[in-house]
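Down below is the structure, laid out as structure tokens.
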């Protein structure tokens, strides 16, 4: 490193001032409005449009990357696919999409998705688009920093920050006007700067003729990598289309025809601008660097060998093979290339956020001025994020490559379907999204350390994936969208599947639409278009003070989660079980907080308020308390002594990995539906207390929980649970005195008849059934055993359960009191009741208080505003304390018991941890989606809880206490239990019983404790079938050759072993026992 080159700094300052002045001059044309700021009033002509479109593609990554690939001896010109790939991409975009999109006058690329699939699905598709733009901006800013540090020895941080600030500033001021007009100057600078450097570099004494050295930079074709070559070629050609930077230019054109012509002109421009970068790469490969000033025999190791990073070939050619003045002009070219792409990406991501996320999801009534200001704030946020990543993340270019893959695999097939296939709908779109993502991520990305868990044809450990798996994933995603969409269209329209199960409302119309004859402005096949949400009965403006309060609470939780994450190390035991180091205090808090979730406190209050139930039906508090006590006495110590990692381990140890995988299904469904149910409860609470959109509160809460769980595993979950439980305790107890003394509330002792309830004789069986379900069905959950197995000693594991049992009972008291208060309230004496101007709900307040909302209603209308906000924090804490636990539990079981023990027995601990992180994201996303879209999520959770009780509890008892149980008994018990429970039906989701147990009533349904009966039959079946199979095979009444599950056949090696240690969990060779 030499002293900073002052002349170079002056030249780049002059260049930046020129760009800034042009940007500010162009900003004068802008008017306040969405169309003006995002699309320059749709006034971009063919000349400026061609320049801005070309400059957007010809970024720092484009010219630096092209030169690098040509220079790289292992690649060369034959692998330089970006120039012609992006050129073809622009041509196809012009032919297939530009004219249609411009004719329909969309604002952003996401508009057609939200028009057809609804705002939420459009928001989901925004994720890969956003990540692609941010990582692309960060990658080219990082390329700029490297270039400037070589040419003028200016600090990378300084150059990146200054460049980003200038781009952000003029983009903030002028929107697309500034971006487009500065692109004209920037493209001229790129053209002049690079072409000016070519003659000087080619005639340098150290450079041989590039025609003579063509074998060094043209590269070689290898049939081994033909699949990879085709994969990247198709990725660049088709994956270059679904980017907002492209469609922003297309949609800003004056006419549809000009939009098409613009794409064709920019295609030629991209090819033309790649030529100097190709030549610079060839020059760099043809140069003898020992004959340049870079070579210093007495210098450092790099100078002595005249070797440098291939990614720096362009700035190295500018610095050492051209005169100083020319190198500075070339540096201006690189800076121009970077800023021309960075400003475009920042504006694109911000435009989509302000319109497609903020306006169409959160604030449909937002004014144009408000949207523009949100866009400006987003410009700053996106720019800051890209700058931070450029400076802090080493593998930023690899991250961008992965996001580009997701854009190709996910967004391209979605774009084709939404434009050309009228019959596609939200179901197909979502399934294609998920399947495409799984197939792409399953292929791995070795550049950022993501190992493949799907090995496609021709895979080998040295070269990795040789099959064009990205293209396969894209094709599968496309086929899935079409097939699923048309299949469900057929099933719903022919009413083979009743319309009441259309939970995404693609084919159902609202009753209002039926009466008025209005239809969605979709494409004619029942899709929803900007579907209006039914507002809350007493909807007011968002309560800003409440939003601030909840933001502060979330920041506290996030800070605690990140602080705790510092203790984590990248191995299974550390991430899943906190290194088995959880002490008594933290353990008691985290186990109690896991049970005391949003469903627990909201549900308890609801049951008390419900006139058909009351206190006698509030079984969850004492049921779960007994469950924890029973678990501590019977299972905690044994499980901890054997040092299992998950609840599924003993099943896979005894019955083999496959049977363990089968038992994972009800466990997973229970965790996912439980998370969905409590997130849904949070959305309802927040919408009542602070009128914040339900979608916002659910998504933000889930994202924060996912983030700190990803970062710290059980450490973060456990330590945030401490804060969350304190918040629950303080928030709920603080609200009680204010609510009880409200003028509308009668004495709860005098009105006890309203909330105590009674048990009709006919429903004793139902009462007993639910009691047994809570007591025994609350045991076989991974959230419980994850805490037990993370304790320091078996003794502490047992005590932890007993402590948490008391904690659950204690934390139910305020929820019980709130339910009683709600039942004792005359709601016509509250501010909720507004007969003259209120709607039908407000006018009949005494009748229409939704029982599921009783807790937030008490907080909102019976306590002071400040207290209700603290109470809201309590509910949010309860939700997050259960959500993070459920996500971690389901993900731990998947990573350890499914991925490692079934698919990849030789997977490293680091690989398993990464799989668990992906699973956390997947489980969290699934739970969030269900909380937002499925109305009967809580009922689905109850059905899954039944399956946990009926299937997993008897299985757990047998695997721990009956050593003779085997795979035959386990499968038979599983099937019998499932059959008997499903046979009992579930009227809440319209599933009719095909087994009518004793005392069945057509109106009241099943009155017999059939869940408990199913559990007992399942248990008896496991024991009896296991002993019967053992007797028949060991006595050889049935020959061992028919032991197809290998439950009794042993290898010769196993026969030689004497009494294997069953008390210790050794999961080493399941190959001898697997099905």
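Residue numbers (the UniProt record's numbering): 1 to 1075. No residue lacks a Cβ here, since even glycine has one placed at the ideal position from N, Cα and C. Quick caveat, the model's predicted, so the values are computed rather than measured.
Query, Result
"Assuming residue 647 is part of the alpha helix (DSSP H), what are its boundary residues?", "Element bounds for residue 647: n/a, residue is neither H nor E."
"Assign residue 520 to one of two classes, buried (16 or more other C-beta atoms within 10 Å of its C-beta) or exposed (fewer than that).", "Any reading at residue 520 must be qualified, since the residue scores a pLDDT of 40, below 50, and its modelled position is unreliable; the value itself is stated next. Buried, since its Cβ has 16 or more Cβ neighbours within 10 Å."
"From 656, 983 and 1025, pick the residue whose C-alpha is nearest to that of residue 1005; which is it?", "983"
"Skipping 5 residues on each side, what residues in its chain have a beta carbon closer than 8 angstroms to that of residue 921?", "706 and 710"
"Measuring CA to CA, which of 175, 251 and 431 is closest to residue 478?", "431"
"Leaving out five residues before and five after residue 560 in sequence, what residues of the same chain have Cβ atoms less than 7 angstroms from its Cβ?", "719, 720 and 723"
"DSSP three-state call for residue 797: helix, strand or coil?", "helix"
"Under a Cβ-count criterion, where at least 16 other Cβ atoms within 10 Å of its own Cβ denotes burial, should residue 483 be classed as buried or exposed?", "exposed"
"According to DSSP, which residues form a beta bridge with residue 445?", "450"
"Which same chain residues, not among the five before or five after residue 91, have their C-beta less than 8 angstroms away from its C-beta?", "263, 264 and 267"
"Inspect the CB distances between the region 171-183 and the region 354-363 and report whether three or more fall short of 8 angstroms.", "no"
"Looking at the structure shown, is residue 86 part of a helix, part of a strand, or coil, going by DSSP?", "helix"
"Among 349, 434 and 770, which residue has its Cα nearest to the Cα of residue 918?", "434"
"Taking only three categories from DSSP, how would you classify residue 894?", "helix"
"For residue 991, which beta-bridge partners are listed by DSSP?", "986"
"Specify, as a first and last residue, the run of the alpha helix (DSSP H) that residue 216 falls within.", "214-217"
"Helix, strand or coil for residue 256, going by three-state DSSP, please let me know.", "helix"
"Looking only at C-alpha atoms, which of 764, 970 and 678 sits nearest to residue 1045?", "970"
"Mind listing, in chain order, the continuous alpha helix (DSSP H) runs of no fewer than 4 residues lying wholly within the region 566-611?", "572-577, 584-595 and 598-609"
"In the DSSP assignment, find the unbroken alpha helix (DSSP H) run with residue 788 in it and report its ends.", "782-789"
"State buried or exposed for residue 1081, treating a residue as buried only when at least 16 other CB atoms are found within 10 Å of its CB.", "An answer regarding residue 1081 cannot be provided, because it is not within the stretch 1 to 1075 covered by the chain."
"Drop a sphere of 10 angstroms on the beta-carbon of residue 992, count the other beta-carbons inside from all chains shown, and report buried for 16 or more, exposed for fewer.", "exposed"
"Tell me whether residue 11 sits in a helix, a strand or coil according to DSSP, three-state version.", "helix"
"Go ahead and pull the three-state DSSP assignment for residue 23.", "helix"
"Given this structure, state the Cα-to-Cα distance separating residue 287 from residue 384, to the nearest angstrom.", "39 angstroms"
"Look up residue 527 in the DSSP assignment and say whether it is helix, strand or coil.", "In this prediction, residue 527 scores a pLDDT of 35, lower than 50, which makes its location untrustworthy; the coordinate-derived value is nonetheless stated afterwards. Reduced to three states, the DSSP call for residue 527 is coil."
"Give me the Cα-Cα distance between residue 742 and residue 612, rounded to the nearest whole angstrom.", "25 angstroms"
"Roughly how many angstroms separate the alpha carbons of residue 650 and residue 898, rounded to a whole number?", "14 angstroms"
"Per DSSP, what kind of secondary structure is residue 423 in: helix, strand or coil?", "coil"
"Pull up the distance between the alpha-carbon of residue 457 and that of residue 128, whole angstroms please.", "27 angstroms"
"Just to confirm before moving on: does the CB-CB distance between residue 175 and residue 36 stay below 9 angstroms?", "yes"
"Label residue 86 either buried or exposed according to how many other C-beta atoms from any shown protein chain fall within 10 Å of its C-beta, with 16 as the threshold for buried.", "buried"
"From residue 635 to residue 125, what does the alpha carbon distance come to, in whole angstroms?", "45 angstroms"
"By alpha-carbon positions, which one of 42, 173 and 251 ends up nearest to residue 99?", "251"
"Examine the Cβ distances between the region 886-896 and the region 853-865 and report whether three or more of them are shorter than 8 angstroms.", "no"
"Can the beta-carbon of residue 239 be found closer than 9 angstroms to that of residue 408?", "yes"
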